[in-house]
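Peer 1:
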Amino acid sequence: MIGQLTVSERQSALIILLFIVLWGLSMAIAGHGDLLGPQGWIVLLAGVLGLFGVMSGYYAPEPGADRLTRYYDDPSKVGIILAMIWAVIGMFVGVWVATLLAYPDLTFDAGWASFGRLRPVHTSGVIFGFGGNALIATSFYVMQRTCRTRLPDQLTPWFVLLGYNLFCLLAASGYLMGITQSKEYAEPEWYADIWLVIVWVTYFVLYLRVLMRRKEPHIYVANWYYMAFILVVAILHIVNNLAMPISFGSAKSYSAFSGVQDAMTQWWYGHNAVAFFLTAGFLGMMYYFMPKRAGRPIYSYRLSIISFWGITFFYMWAGSHHLHYTALPHWVQTLGMTFSVMLLVPSWASAGNALMTLNGAWHKVRDDATLRFMMVAAVFYGLSTFEGSFMAIRSVNSLSHYTDWTVGHVHAGALGWVAMITFGSIYAAVPWLWKREAMYSARLVEAHFWLALAGTLIYVFAMWNSGIIQGLMWRTYNESGRLAYSFIDSLVAMHPYYIARAIGGLFFLIGAVIGAYNIWMTIRTAPEGAAAKVSERPDPVLAGGLPADVPANIPALQPGE
Amino acid sequence: MSVEQRDPHTGYLTTGHEWNGITELNTPVPRVVYFFLIVTALFSLGYWVLMPAWPLGVSYTRGLLGIDQRATVAEKLQEAALDRATWSKRIETESHQQVEADPQLMQIVRQTGHTLFGDNCAVCHGLRADGNKGGKGFPSLVGNSWLWGGDTNAIAETISVGINATHPKTRVSQMLAFGRDGVLKRNEIDNVVAYVRTLSNPATAKDATPQEIAAGKTLFAANCVSCHGESGKGSTEAGAPDLTDPFWIYGGDAQSIFTTVWGGRQGHMPSWEGRLSLLDRKILTLYLVDLRKKNSQEAKQ
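Keeping their order, the protein sequence lines are chains A and B. So for the first sequence, my numbering puts the first residue at -1; every next one is plus one. So for the second sequence, my numbering puts the first residue at 74; every next one is plus one.
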C-alpha cells in the first residue's frame, strides 16, 4: 500500500500522521480525568500505527509512471472490506438492541451495554460505518470510470477513507463510554465533528478535482448524486454540530441552538441525512452499477434530470415533518408536510427510472441475484418513499409518530433500499475490482438475497403491526373519557413483535455474514486458470470506457498528473 | 463523439453520451410524472391557502380556515374536561364509601385506575400490583399485609405523602443496620434470623437448635420489639412489617432475612401529592382497595 505512494506523498503522509499523533496526545493530556482522555489515546494509537505503517514501507521503490494508465482502485478495495466489517458489527449490535427490547436483562448490568449506548453504535455502525464506507469506496470507483480519469493523487483518497474510519471509531467507542451530544444520527461530540469536517471537505475537494480532470464532455448522473451527497452532508454536518465545548479538556459541548430551534435544526439535519446520505449517495451507486450489471441504457435521461432536481429541492424543506404536533409553529409543520407530499413524485420518478432501465433485462434479474438485489432495492425505495410522504401528512403522523411504525419505515428504507443496493453493487464491484471472473459462490449470493429479503419483510411487517397497535392503544379512550391503556400495557402488547423483529434482524445479519465470507473467499481464492482467462478477456470496465473506434492498445487514461 | 444510437428493445434513441459503457435513452418524461407534479403542487397550494403556511418576517400567513394547533389542543382539552365533569366531580366530592357503593362510579374507577396505576405505580409494584411477586423490595398491594395500614384512608395518605420521601409530612421509617453498625455480631444475627423465621413458619424450627432460637428470642426482645412489637406483629404506626405473616418484601428465606438484619432497610416511595391530582389519587386508592377485594374473592374460589 505504501509502495504505491510517491516519495513526496509518503512525506506528506508522515506529516499528517504526526499531526494526528500530536492531536491525540494533546487530547489525552488536556482530557486527563475526562472522557476526552481515552478518546485522545485512541487517536494517538491510530496515528502511531499509521506512522509505523508508512515508515515500514518508506524505502520501498517508487511506483512507476505506468500506474497512471490504470485507475487507482486500492482505496475502493479497502473501503469495501471496511464496509463489510462495519456491516457485520453494526448489524450484530442491531440484533442485540432489538433483543434487548424484548429481553431487557441482556444488558448484563453493564453501563456500556445499556440500550442508550448500544443503540447509537448500531445506527452509526450501519449508516456511517457500513453505508459511508460503501459510498466512499464506490464513489472513488465510479467517478474515475465515468470521468475517465484517474484519482488526482494517491494520498488524498487514503486520507479520506481512513480519516473517515477514525471518525467512526471515535464515534462508536465514545458512545460506549457514554459520550453523546444527544442529537439523533449526530451523536459524536465536538472534537470528532471537527475532524469529520476536515475529512469531508477534503473528500469534496477530491471529488471536484476528479470532475475537473474528466475526459468525458458530460457529467454522468451518478456523479450528480455523489456530488449532492458530499456537498449537502458537509453543510448539514457543520450547521447541526455548531456547539461550544465546555473546555478543551472536556468531551462535553453545548449546542449553539436552543429549544425548538435546536429541534428544528436537528431534524432539518436528520431528514436531509436520510435524503442526501441514505438516498442521494445510494442513488449514485444505483445509477452506475444497475445499468452496468443489467447491460441496459438508463431508461430516460430527462427523467433523471427531473428526479434529481426534484429530490434535491423538495427534500430540503421536509425536515419539519419530524416535529408535527410539537412546540414547532404550525406554519413550519405545514411547509414540511406539503413539501413531503410533493417529494413523492420525483422519488417515484427515480424508482421508476431504475425499474424501467431493467426492461429488456428481466431475464437477468431472474437468474442473477446480484441484479435482483438492485431491483428489490429500487422497489423498496419506491415503497418507503411513498410511506414517508404518507407518514408526513399531519393526521397520519398523529397515529404513527413516536411508534414503531417510524422504526419500521426507517428499516424498510435502510434494509430494503440502502443495504440491498449496497450489497448488489458490492457483489458487482468485487469481481471487477479484484479481476475475478465472478463471485466465489453464486449460490451464497442467492442465499444472502433470500435471507436479506425475508429478514426485511419480517422486520417491516412486525413493526407495522406493533407500530399501529401502539398508536391505537395510545389514543384509545374509555367511555369515561380517559385513556384506556397505560404505556406499560402497550409495551406488553409489543412483546411478540419485538421478538419477531429481532428474528428478522438476525436473518439480515446472517445474510451479511455470508456476504462477508463470500467476498473474503472471492478475494482469497483465484480460481485456477481464471486469472489467465480474465486477462485475455477485455476488461469489462476499462475497455468499456473506450469508444469503439479507438484501437484497444491505447491506454484508457491520460496521465492524471 | 456524440453518436445517438437506437435501442433495439425500446426503439428510443440514446442521448449520444456514453460513460464506461453506460448510455442513456432520450425517452420523454412520462406524462403521469407531470400530472402528479401538478396534482401535488395544487394540493400544496390549496393547503397553504387554508392553513398557516408561509412566514412573513415577524408573522405568517394564517390560512383561511383560521386553524392553529395550540387553539385546537386547548379546545379539545376543555371539551374532554367537560365530558369527564359528570363523574369526576362526584368522585372528587363524595366519600370513599359513597363511591364504593355506586357500581357505575366503581366501573369508572376500575377503568381509569388501571391506566393510572400502569403509568405511575406499575414500574415498582408490578402491573398486577403484586410487588413483582415479592422479594425485590416492592410490597404487594393485593395482599393483606400493609406496612402503613391497608384501609382506604391509610392508603390515600401513603399515596399523598410517600414513604421516606420529600413531602414535609412524609411517612418515615428505617430499619437499623444491626450487623454493619456493630450492634449485633454475626452469630447473634444468625440466632435472631432463626427465631424470626419460626414466627411465620414454625416448621423452620428444625433448621436451628432450641438454644439458638431461645438466644434469638432474647436478642429480639432486646433489639426489635420497639418497632416490630413483642409478638413480632409489627406496627403500622412505625411502618414496621408484621413478621408473623407469610408476606415478605425483601424475601423470607434465611439468607434474605440475614441481609436485611445485617444491612438494615429503608424503602422509598415517592409522594404523589404534587404529581397527581386529588381526583387521580382518590381513584388510585379506590382502585387498590377494589383490586384487593377482587383478589381475595378469587383466592376464596
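Ideal placement from N, C-alpha and C gives every residue a C-beta, glycine not left out.
Using the Cα positions of residue 372 of chain B and residue 216 of chain B, report the straight-line distance between them to the nearest angstrom.
Peer 2: Locating residue 372 of chain B in the second sequence gives position 299, counting from the first residue. Locating residue 216 of chain B in the second sequence gives position 143, counting from the first residue. In a straight line, the C-alpha of residue 372 of chain B is about 10 Å away from that of residue 216 of chain B.
Peer 1: Under 8 Å by Cβ, that's how I've got residue 376 of chain A and residue 352 of chain A pegged, so tell me the actual separation to the nearest angstrom.
Peer 2: The residue given as residue 376 of chain A occupies position 378 in the first sequence. The residue given as residue 352 of chain A occupies position 354 in the first sequence. Confirmed, Cβ separation roughly 4 Å.
Peer 1: Using a Cβ-Cβ cut-off of less than 7 Å, give me the residues of the segment 89 to 109 of chain B that come near chain A, in sequence order.
Peer 2: Correct list: 90, 92, 93, 94, 95, 96, 97, 98, 99, 100, 101, 102, 106, 109.
Peer 1: Using only alpha-carbon positions, find the residue among A/274, A/229, A/392 that is nearest to residue 332 of chain A.
Peer 2: What you label residue 332 of chain A is simply residue 334 of the first sequence in a count that begins at 1. Out of A/274, A/229, A/392, A/392 has the C-alpha closest to the C-alpha of residue 332 of chain A.
Peer 1: Taking 7 Å as the limit between beta carbons, can you name the residues of its chain near residue 25 of chain A, skipping five residues before and five after?
Peer 2: Numbered from its first residue, the first sequence carries residue 25 of chain A at position 27. The residues are 34, 37, 38, 41, 189.
Peer 1: For the segment 354 to 401 of chain A, list the beta strand (DSSP E) runs that are entirely contained and at least 3 residues long, ordered along the chain.
Peer 2: DSSP runs (the beta strand (DSSP E)) wholly in the segment 354 to 401 of chain A: none.
Peer 1: With distance defined between alpha-carbon atoms, name the residue in A/463, A/397, A/384, A/349 nearest to residue 419 of chain A.
Peer 2: The residue labelled residue 419 of chain A in the question sits at position 421 within the first sequence. Per the Cα distances, A/349.
Peer 1: If I measure Cβ to Cβ from residue 310 of chain A and keep anything under 7 Å in the same chain, skipping five residues before and after, which residues do I get?
Peer 2: As a first step, residue 310 of chain A must be located in the first sequence, where it is residue number 312. Around residue 310 of chain A: 226.
Peer 1: Entirely within the segment 92 to 155 of chain B and at least 4 residues each: give me those alpha helix (DSSP H) ranges in chain order.
Peer 2: Runs found: 104 to 123.
Peer 1: Give a yes or no on whether the C-beta atoms belonging to residue 306 of chain B and residue 291 of chain B are separated by under 8 Å.
Peer 2: Counting from one through the second sequence, the residue named residue 306 of chain B turns up at place 233. Counting from one through the second sequence, the residue named residue 291 of chain B turns up at place 218. Result no, Cβ atoms of residue 306 of chain B and residue 291 of chain B do not sit closer than 8 Å.
Peer 1: I'd like the span of the alpha helix (DSSP H) that includes residue 242 of chain A, first residue to last.
Peer 2: As a position in the first sequence, residue 242 of chain A is number 244, starting the count at 1. First-last for residue 242 of chain A: 241 to 243, but that is the beta strand (DSSP E), not the alpha helix (DSSP H).
Peer 1: Taking C-beta pairs closer than 7 Å, name the residues in chain A that residue 117 of chain B reaches, listed in chain order.
Peer 2: Taking the first residue of the second sequence as 1, we reach residue 117 of chain B at position 44. Simply 336, 339, 340.
Peer 1: Which word fits residue 448 of chain A, buried or exposed, when buried means at least 16 other C-beta atoms lie within 10 angstroms of its C-beta?
Peer 2: The sequence position of residue 448 of chain A within the first sequence is 450, counting from 1. Residue 448 of chain A is exposed by the Cβ-count criterion.
Peer 1: Report yes if the C-beta distance between residue 212 of chain A and residue 105 of chain A is below 8 Å; otherwise report no.
Peer 2: Counting from 1 along the first sequence, the entry for residue 212 of chain A is found at position 214. Counting from 1 along the first sequence, the entry for residue 105 of chain A is found at position 107. No.
Peer 1: With a Cβ-Cβ cutoff of 8 Å, do residue 265 of chain A and residue 338 of chain A count as a contact?
Peer 2: In the first sequence, the residue the question calls residue 265 of chain A occupies position 267. In the first sequence, the residue the question calls residue 338 of chain A occupies position 340. No; because the gap between Cβ atoms is not below 8 Å, this pair is not in contact.
Peer 1: By the criterion of Cβ-Cβ separation under 8 Å, what are the contact partners of residue 82 of chain B in chain A?
Peer 2: By one-based count along the second sequence, residue 82 of chain B stands at place 9. Those are 294, 357, 358, listed as they occur along chain A.
Peer 1: For the putative contact between residue 93 of chain A and residue 507 of chain A, defined by C-beta atoms under 8 Å, what is the C-beta separation to the nearest angstrom?
Peer 2: Taking the first residue of the first sequence as position 1, residue 93 of chain A is located at position 95. Taking the first residue of the first sequence as position 1, residue 507 of chain A is located at position 509. Correct: roughly 5 Å between the Cβ atoms.
Peer 1: For a cutoff of 8 Å on Cβ pairs, would you count residue 178 of chain A as touching chain B?
Peer 2: Your numbering for residue 178 of chain A matches position 180 in the first sequence. No, its Cβ sits nowhere closer than 8 Å to a Cβ of chain B.
Peer 1: For a contact defined as C-beta to C-beta under 8 Å, what are the partners of residue 144 of chain A on chain B?
Peer 2: What you label residue 144 of chain A is simply residue 146 of the first sequence in a count that begins at 1. Near residue 144 of chain A (Cβ distances below 8 Å), the residues of chain B are 92, 93, 95.
Peer 1: Is the CB-CB distance between residue 121 of chain B and residue 336 of chain A below 8 Å?
Peer 2: Working through the second sequence from its first residue, we reach residue 121 of chain B at position 48. Working through the first sequence from its first residue, we reach residue 336 of chain A at position 338. Cβ distance < 8 Å, so residue 121 of chain B and residue 336 of chain A count as in contact.
Peer 1: With a floor of 4 residues, list each alpha helix (DSSP H) that falls wholly inside the segment 248 to 313 of chain B, ordered by position along the chain.
Peer 2: As far as the segment 248 to 313 of chain B is concerned, its whole alpha helix (DSSP H) runs of at least 4 residues are 259 to 273, 283 to 296, 298 to 301.
Peer 1: Tell me the residue span of the alpha helix (DSSP H) that contains residue 252 of chain A.
Peer 2: Translated into positions along the first sequence, residue 252 of chain A becomes position 254. Not the alpha helix (DSSP H): residue 252 of chain A falls in the beta strand (DSSP E), residues 251 to 253.
Peer 1: Which class does residue 342 of chain B belong to by DSSP, given the choice of helix, strand or coil?
Peer 2: If you number the second sequence from 1, residue 342 of chain B lands on position 269. DSSP places residue 342 of chain B in strand when its eight states are reduced to three.
Peer 1: Just the Cα atoms here: how many angstroms apart are residue 170 of chain B and residue 254 of chain A?
Peer 2: By one-based count along the second sequence, residue 170 of chain B stands at place 97. By one-based count along the first sequence, residue 254 of chain A stands at place 256. Cα to Cα, residue 170 of chain B sits roughly 57 Å from residue 254 of chain A.
Peer 1: Who are the neighbours of residue 138 of chain A on chain B, taking C-beta pairs under 7 Å?
Peer 2: One-based indexing of the first sequence puts residue 138 of chain A at position 140. Within 7 Å Cβ-Cβ: nothing; residue 138 of chain A doesn't reach chain B, min ~14 Å.
Peer 1: Distance, Cα to Cα, residue 336 of chain B vs residue 200 of chain B?
Peer 2: Position 263 of the second sequence, counted from the first residue, corresponds to residue 336 of chain B. Position 127 of the second sequence, counted from the first residue, corresponds to residue 200 of chain B. Computed Cα separation, rounded: 29 Å.
Peer 1: Roughly how many angstroms separate the alpha carbons of residue 3 of chain A and residue 298 of chain A, rounded to a whole number?
Peer 2: In the first sequence, residue 3 of chain A corresponds to position 5, counting from 1. In the first sequence, residue 298 of chain A corresponds to position 300, counting from 1. Those two C-alpha atoms are separated by around 41 Å.
Peer 1: Cβ closer than 7 Å: which chain B residues qualify as neighbours of residue 281 of chain A?
Peer 2: The residue labelled residue 281 of chain A in the question sits at position 283 within the first sequence. Within chain B, no residue comes near residue 281 of chain A; the closest Cβ sits about 14 Å away, beyond 7 Å.
Peer 1: Could you work out which residue in A/403, A/156, A/414 is closest to residue 561 of chain A when comparing CA atoms only?
Peer 2: Missing from the structure shown is residue 561 of chain A; chain A here goes from -1 to 559 and no further.
Peer 1: If contact means a Cβ-Cβ distance below 7 Å, which residues of the segment 48 to 78 of chain A contact chain B?
Peer 2: Those would be none; no residue qualifies.
Peer 1: Helix, strand or coil for residue 351 of chain B? Go by DSSP, reduced to three states.
Peer 2: By 1-based counting over the second sequence, the position of residue 351 of chain B is 278. Helix at residue 351 of chain B.
Peer 1: Could you pull out every unbroken alpha helix (DSSP H) segment of at least 4 residues lying fully inside the segment 316 to 359 of chain A, listed in chain order?
Peer 2: Listed in chain order, they are 328 to 355.
Peer 1: Assign residue 296 of chain A to buried or exposed, taking buried as 16 or more other Cβ atoms, counted over all protein chains shown, within 10 Å of its Cβ.
Peer 2: In the first sequence, the residue the question calls residue 296 of chain A occupies position 298. Residue 296 of chain A should be labelled buried.
Peer 1: Could you please give me the residues that DSSP links to residue 475 of chain A through a beta bridge?
Peer 2: To locate residue 475 of chain A, count along the first sequence from 1; it is residue 477. Partner(s): A/481.
Peer 1: Within a Cβ cutoff of 6 Å, which residues of the same chain sit near residue 530 of chain A, ignoring the five residues on either side of it in sequence?
Peer 2: By one-based count along the first sequence, residue 530 of chain A stands at place 532. Only weak support is given to the placement of residue 530 of chain A: the predicted model assigns it a pLDDT of 48, under 50, and the value that follows is read from those uncertain coordinates. For residue 530 of chain A, where only same-chain residues beyond five positions count, there are no Cβ hits under 6 Å.
Peer 1: Candidates A/283, A/459, A/427: which alpha carbon is nearest residue 409 of chain A's?
Peer 2: In the first sequence, the residue the question calls residue 409 of chain A occupies position 411. When only C-alpha atoms are compared, the closest one is A/459.
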